[in-house]
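Below is one structure, written out as structure tokens; the observations come after it.
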Amino acid sequence: PHSRDHVVSDETSGFLVAPEGAASELNPLLQLPKSMRRGYALLPPLLKVLSDRGNQDWGSEAPRLQPDSRALRYMKRLYKMSATKEGIPKDNNSHLYNTVRLFTPCSECKHRHRDLKKDVHSVDLLFNLDRVTALEHLLKSVLLYSFDTPAPIPSPIVCVCRLSVKEQEFSGQVCPSASHSVAFRLHFQVRKRKWVEVDVTSFLQPLIATHRRDIHMAVNFTCLMGDPQHTTKLENPINMALVPPSLLLYLNDTSEQAYHRWNSLRHRRRNPARPRQRNSLRVSPMGDRGTGSTQGKRA
Amino acid sequence: ARQRRDEHLKEAPATPPYNLSDYFKRFLFPQNECELHNFRLSFSQLKWDRWIIAPHRYSPQYCKGDCPRVVGHRYGSPVHTMVQNIIYEKLDSSVPKPSCVPAEYSPLSVLTIEPDGSIVYKEYEDMIATKCTCR
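Protein chains in written order, with my numbering: chain F, 204 to 502; chain B, 13 to 147.
Structure representation (structure tokens):
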């Protein structure tokens with residue numbers, strides 16, 4: 204780890220690979236014969252980071268930005284939905300993604316309209332996507348809103364969300380001008396606490412496909428209470444604290460270390476015959492613990 | 013068998029030979045043979061729980077034990093394993109005997125905080141050993 208500054212990043216996979224000459228200075232644990240160094244580069248990111256971090260005490264590392272507590276709560280909920288208590292991915296839901304990243308905006312420019320009739324929030328958001336690797340392919344991108352309303356709102360809410368992508372004219376410009384935009388019309392019912400996912404996949408796809416590192420968006424959110432079907436005129440602006448949205452990316456990581464659900468299912472289907480195995484543990488691939496001996500089960 | 017049992021009683025009266033299930037187990041499953049062993053750790057032990065949010069515990073398991081001389085039918089080992097055993101016994105003992113290694117794995121879902129404060133949920137392949145084999 205103390206030789207971290209000698210390590211260069213392998214652009215294609217985002218792994219850290221020691222340059223040729225520096226290997227001898229690496230921690231003996233990490234010194235692999237040249238033929239295996241390629242193997243090291245393939246270590247799962249988690250293990251690579253574990254082995255790097257394992258040799259550092261936590262305090263000496265550069266301060267880590269703490270995630271937003273709401274975002275953390277959302278991702279813990281997603282984890283519970285996607286994995287068993289032992290941490291094994293659930294196979295019953297057919298999600299294709301094997302990676303989900305949640306980004307909170309790293310800078311924002313607030314514009315608040317003085318128009319009292321509408322509850323309009325306009326905010327420019329900058330998301331930095333450096334952590335997305337070249338092998339993580341976008342499946343879906345969502346703007347994640349958290350509605351913290353002190354009391355449940357009885358009637359549906361109609362919100363118009365206007366999105367526009369901003370291009371920076373010159374470097375360092377914090378609030379650039381808009382380039383192309385799209386408007387969404389949302390109808391939803393807000394209980395006491397609610398997450399609203401605004402699907403922006405088609406809107407962001409071209410940007411993320413070109414591995415754009417910074418996504419600058421202007422989000423204009425206008426919410427009124429009432430149901431458009433019944434009332435022609437929307438009244439009762441909502442006094443609602445609107446937290447700037449987070450950006451949620453559902454990705455398919457095609458690297459070898461990532462779990463490829465369909466591959467393993469196919470593999471299992473192809474090899475139904477299992478070697479007889481004497482296990483004191485009786486652990487099945489799903490992680491649930493069997494009881495009794497394999498022989499008994501076979502009988 | 014009666015005579016042997018009598019002698020046995022004289023020597024070690026504590027385990028009555030008529031405990032068939034124990035006898036059966038000892039005969040069919042020799043002790044210390046290759047098998048899966050439980051190993052469970054928690055990331056807080058490693059002080060990694062500040063950035064590994066879930067799971068709290070991780071059971072990678074491990075394989076340990078002797079590989080019997082004729083392994084094929086029991087561990088699903090390839091024929092090569094038996095050949096390697098013969099090489100070790102008959103031709104060159106510097107060639108190692110087959111080893112007890114994992115044969116199948118389960119994936120693991122991990123929720124971590126990235127250095128930039130973003131949060132990532134990722135499913136990793138082959139993180140929990142579920143079956144052992146000799147090869």
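Backbone N, C-alpha and C define an ideal beta-carbon position, used for all residues, glycine too.
At a CB-CB cut-off below 8 Å, which residues of chain F make contact with I65 (chain B)? Those within 8 Å of I65 (chain B) in chain F are L275, M278, K279 and Y282.
Taking Cβ to Cβ, would you say G129 (chain B) is nearer than 7 Å to P270 (chain F)? Yes, Cβ-Cβ distance for G129 (chain B) and P270 (chain F) is below 7 Å.
Counting only beta-carbon separations shorter than 7 Å, does I291 (chain F) have a partner in chain B? Interface annotation, I291 (chain F): in contact with chain B, CB-CB separation under 7 Å.
Going by C-alpha distance, which of F:L407, F:T457 and F:D456 is nearest F330 (chain F)? Distances from the CA of F330 (chain F) to each of F:L407, F:T457 and F:D456 were compared; the closest alpha carbon is that of F:L407.
Find the nearest neighbour of F112 (chain B) within the set B:D34, B:C46 and B:N31, judged by alpha-carbon distance. In the sequence under discussion, the amino acid at residue 112 (chain B) is Cys, which differs from the Phe named in the question. Ranking B:D34, B:C46 and B:N31 by Cα distance to C112 (chain B) puts B:C46 first.
Just the Cα atoms here: how many angstroms apart are A412 (chain F) and I418 (chain F)? So the two alpha carbons sit approximately 12 Å from each other.
Beta-carbon gap between E101 (chain B) and P119 (chain B) smaller than 7 Å: Not a contact, by the Cβ cut-off of 7 Å.
Contact list for the stretch 110–134 of chain B against chain F, Cβ threshold 9 Å: Correct list: A115, E116, Y117, S118, P119, L120, S121, V122, L123, T124, I125, E126, P127, D128, G129, S130, I131, V132, Y133 and K134.
Identified DSSP bridge partners for V345 (chain F): Paired residue(s): F:D402 and F:L451.
What do you get for F424 (chain F), buried or exposed, if any count of 16 or more other CB atoms within 10 angstroms of its CB means buried? Result: buried.
Using a C-beta to C-beta distance shorter than 9 Å, which residues of chain B count as neighbours of D456 (chain F)? Residues of chain B passing the Cβ test: K134 and E135.
Of all Cβ atoms in chain B, is any one closer than 7 Å to the Cβ of A286 (chain F)? So, interface residue.
Any Cβ of chain B within less than 7 Å of the Cβ of T302 (chain F)? Residue contact check for T302 (chain F) against chain B: a CB pair falls below 7 Å.
Residues in the same chain with beta-carbon distance under 8 Å from E137 (chain B), minus the five sequence neighbours each way, listed in chain order, please. Around E137 (chain B): Y117 and P119.
Whose Cβ in chain B lies nearer than 8 Å to the Cβ of A461 (chain F)? Neighbours of A461 (chain F) in chain B, taken as residues at a C-beta separation under 8 Å, are given in chain order as K134, E135, Y136 and E137.
How long is the line joining the alpha carbons of E125 (chain B) and V446 (chain F), rounded to whole angstroms? For the record, residue 125 (chain B) in the displayed sequence is Ile; it is not Glu. If you take the alpha carbons of I125 (chain B) and V446 (chain F), they lie about 21 Å apart.
What residues of chain F sit near K70 (chain B), judged by a beta carbon separation below 7 Å? The question names Lys, but residue 70 (chain B) is Tyr in the sequence shown. The contacting residues are G290.
Which word fits V401 (chain F), buried or exposed, when buried means at least 16 other C-beta atoms lie within 10 angstroms of its C-beta? By the neighbour-count criterion, in which 16 or more other beta carbons inside 10 Å mark a residue as buried, V401 (chain F) falls on the buried side.
Classify A203 (chain F): buried if its beta carbon has 16 or more other beta carbons within 10 angstroms, exposed otherwise. In the structure as shown, chain F begins at 204 and stops at 502. Residue 203 (chain F) is therefore absent and cannot be evaluated.
Between the Cα of S272 (chain F) and the Cα atoms of F:N301, F:K283, F:T307 and F:C362, which residue gives the shortest distance? It is F:T307 whose Cα lies nearest to the Cα of S272 (chain F).
Tell me where the beta strand (DSSP E) around L120 (chain B) begins and ends. C112 to I125 is the extent of the beta strand (DSSP E) around L120 (chain B).
With distances taken from CA atoms, which of F:E339, F:R416, F:L410 and F:A421 is nearest R365 (chain F)? The shortest Cα separation from R365 (chain F) among F:E339, F:R416, F:L410 and F:A421 belongs to F:A421.
Around the Cβ of H414 (chain F), are there at least 16 other Cβ atoms within 10 angstroms (buried) or fewer (exposed)? Counting every other CB atom within 10 Å of its CB across the protein chains shown gives H414 (chain F) a total below 16, marking it as exposed.
Assuming K102 (chain B) is part of the beta strand (DSSP E), what are its boundary residues? Counting along the chain, K102 (chain B) falls outside any beta strand (DSSP E), and DSSP gives it neither H nor E.
Going by DSSP, name the residue or residues bridged to P292 (chain F). P292 (chain F) is bridged by DSSP to F:A286.
In three-state terms, what does DSSP make of N97 (chain B)? Helix.
Take the Cβ of T145 (chain B) as the centre, count every other Cβ of all protein chains shown within 10 Å, and call the residue buried at 16 or more, exposed below. When all chains shown are included, T145 (chain B) counts as buried.
Would you mind stating whether L346 (chain F) and V403 (chain F) have Cβ atoms separated by less than 7 Å? In this structure, L346 (chain F) sits near V403 (chain F), with a CB-CB distance shorter than 7 Å.
Apply the 10 Å Cβ neighbour rule to P448 (chain F) and answer buried if 16 or more other Cβ atoms are within range, or exposed otherwise. Buried, by the Cβ-count rule.
If you follow the beta strand (DSSP E) that D138 (chain B) is part of, which residue opens it and which one closes it? Membership of D138 (chain B) in the beta strand (DSSP E) is indicated by the continuous run I131 to C146.
Could you pull out every residue in the same chain whose Cβ sits closer than 8 Å to the Cβ of S56 (chain B), ignoring the five residues on either side in sequence? Hits under 8 Å: H68.
Inter-residue Cα distance where the pair is R477 (chain F) and G88 (chain B): Reliability of the predicted coordinates at R477 (chain F) is poor, the pLDDT of 46 falling under 50, and no value is obtained from them.
So, is L299 (chain F) buried or exposed, given that buried needs 16 or more other C-beta atoms within 10 angstroms? When all chains shown are included, L299 (chain F) counts as exposed.
In the DSSP assignment, find the unbroken beta strand (DSSP E) run with Y74 (chain B) in it and report its ends. Under the DSSP assignment, Y74 (chain B) falls in the beta strand (DSSP E) whose first and last residues are Y74 to K76.
Do Y282 (chain F) and Y133 (chain B) have their C-beta atoms within less than 7 Å of each other? It is a contact, given that the beta carbons lie within the stated cut-off.
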